[in-house]
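Q: Below you'll find the structure I mean.
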Amino acid sequence: MANERKFIRENAKRSLIKKFLVKEIEGAGFGGMNIQRTPIGTRVNILVERPGMVIGKSGSKIKELTDSIRTKFNVDNPQIEIQEAGSSLAGKLTGERHRTEKFTEGHVKYCGETAKEVMDIGYATAKLKPGVLGVKVRIMKPDAKLPDEITYKLAVKEEAKPEPKVEIKQPEVKLEKKTDIKKITDVPGIGPSVVKKLEKAKITSLEELYTMNLDDLIAIDGIGNKTAELIVKNIRKLLEEGTENGSQS
Numbered sequence: 065m066a067n068e069r070k071f072i073r074e075n076a077k078r079s080l081i082k083k084f085l086v087k088e089i090e091g092a093g094f095g096g097m098n099i100q101r102t103p104i105g106t107r108v109n110i111l112v113e114r115p116g117m118v119i120g121k122s123g124s125k126i127k128e129l130t131d132s133i134r135t136k137f138n139v140d141n142p143q144i145e146i147q148e149a150g151s152s153l154a155g156k157l158t159g160e161r162h163r164t165e166k167f168t169e170g171h172v173k174y175c176g177e178t179a180k181e182v183m184d185i186g187y188a189t190a191k192l193k194p195g196v197l198g199v200k201v202r203i204m205k206p207d208a209k210l211p212d213e214i215t216y217k218l219a220v221k222e223e224a225k226p227e228p229k230v231e232i233k234q235p236e237v238k239l240e241k242k243t244d245i246k247k248i249t250d251v252p253g254i255g256p257s258v259v260k261k262l263e264k265a266k267i268t269s270l271e272e273l274y275t276m277n278l279d280d281l282i283a284i285d286g287i288g289n290k291t292a293e294l295i296v297k298n299i300r301k302l303l304e305e306g307t308e309n310g311s312q313s
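Sequential numbering from 65 applies to the sequence shown in the numbering used here.
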């Protein structure tokens, strides 16, 4: 709701500024205005037929307009820019009176709601010796968006982010049991051939061997059920002996 009120308030201010400029620079041929907000202030771009009348002597008129817009409409740091608008036509008027001549270039909308939104229409008269000449001009705005112009927005496919790999670190097993065995080869039932098979499975220390159960040993290529059972049995026996020795000491 607050945004809607702000939008209405800003557009009402634009309308009041436009009425003020039309009244103040009536003789200069007001052709429209555009207000843009910039980081350093507010830019007011005015289209007129005779820029000199708006600028004034040494910029006095444009300075007066700037001060008036700042004080009356509470515009932050207004900066007025003057742009000359219009085109000169020359040549003799021939033919019958009460006739119409039409000159068109580019794309012009003549009717419907689209013409009201995208077209700027101006009308003026010129008193000449043969009579009064009326001129009506239609100009399409440069930033006009026509209803038959369709823009497509391509959907951007979001790439699936790879799931972070969770590394599970096994707790280090510290052997506090007292035993004389320091190498894998010292365990009964583990010969050189079994040691090679354990090394292929990257088991090179007693700590790793003590943490393995029967299924882990059977899963190693080349170690059968009997060999695995013998290794587990001997390891348990060594651990029990180490526990008894530790309690006696």
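For each residue, glycine too, the CB sits at the ideal point set by N, CA and C.
Tell me whether the beta-carbon of E95 lies closer than 8 Å to the beta-carbon of V108.
A: Per the sequence presented here, residue 95 reads as Gly, with Glu not at that position. Contact: no.
Q: What residue range is occupied by the uninterrupted alpha helix (DSSP H) comprising N75?
A: Start and end: 66 to 88.
Q: For the region 131 to 147 against the region 74 to 81, are there 3 or more C-beta pairs whose distance is under 8 Å?
A: Taking 8 Å as the limit for Cβ pairs, the verdict is that the region 74 to 81 does touch the region 131 to 147.
Q: Would A292 be called buried (16 or more neighbouring beta carbons within 10 Å of its own) or exposed?
A: With 16 or more Cβ atoms within 10 Å of its Cβ, A292 is classed as buried.
Q: List the whole-angstrom C-beta distance separating K125 from V118, where the pair is believed to meet the contact cut-off of C-beta under 8 Å.
A: Right, the Cβ-Cβ distance comes to about 6 Å (below 8 Å), so this counts as a contact.
Q: Counting Cβ pairs, one atom from each stretch, are 3 or more of them under 8 Å apart for the region 192 to 211 and the region 163 to 180?
A: These segments touch.
Q: Ends of the alpha helix (DSSP H) at M117?
A: Taken as a continuous stretch (DSSP letters only), the alpha helix (DSSP H) holding M117 covers 115 to 119.
Q: So what does DSSP say about F94, is it helix, strand or coil?
A: Reduced to three states, the DSSP call for F94 is strand.
Q: So, under 8 Å CB-CB, T130 and I110 are touching, yes? Tell me the CB distance rounded to an integer number of Å.
A: 11 Å between Cβ atoms; not a contact.
Q: Which same chain residues, not among the five before or five after A92, have their C-beta less than 7 Å away from its C-beta?
A: Around A92: V112, E113, R114, M117, V118.
Q: Take A188 as the anchor and find which of G176, G198, L210 has the nearest alpha-carbon.
A: When each option's Cα is compared against that of A188, the closest is G198.
Q: For the candidate residues D280, G286, Y274, I282, whose alpha-carbon lies nearest to that of N298?
A: Checking every option, the nearest Cα to that of N298 belongs to Y274.
Q: Checking the sheet assignment: what are the DSSP bridge partners for G123?
A: For G123, which the question treats as bridged, DSSP gives no partner whatsoever.
Q: Taking just the CA atoms, how far does I133 sit from T158?
A: In a straight line, the C-alpha of T158 is about 46 Å away from that of I133.
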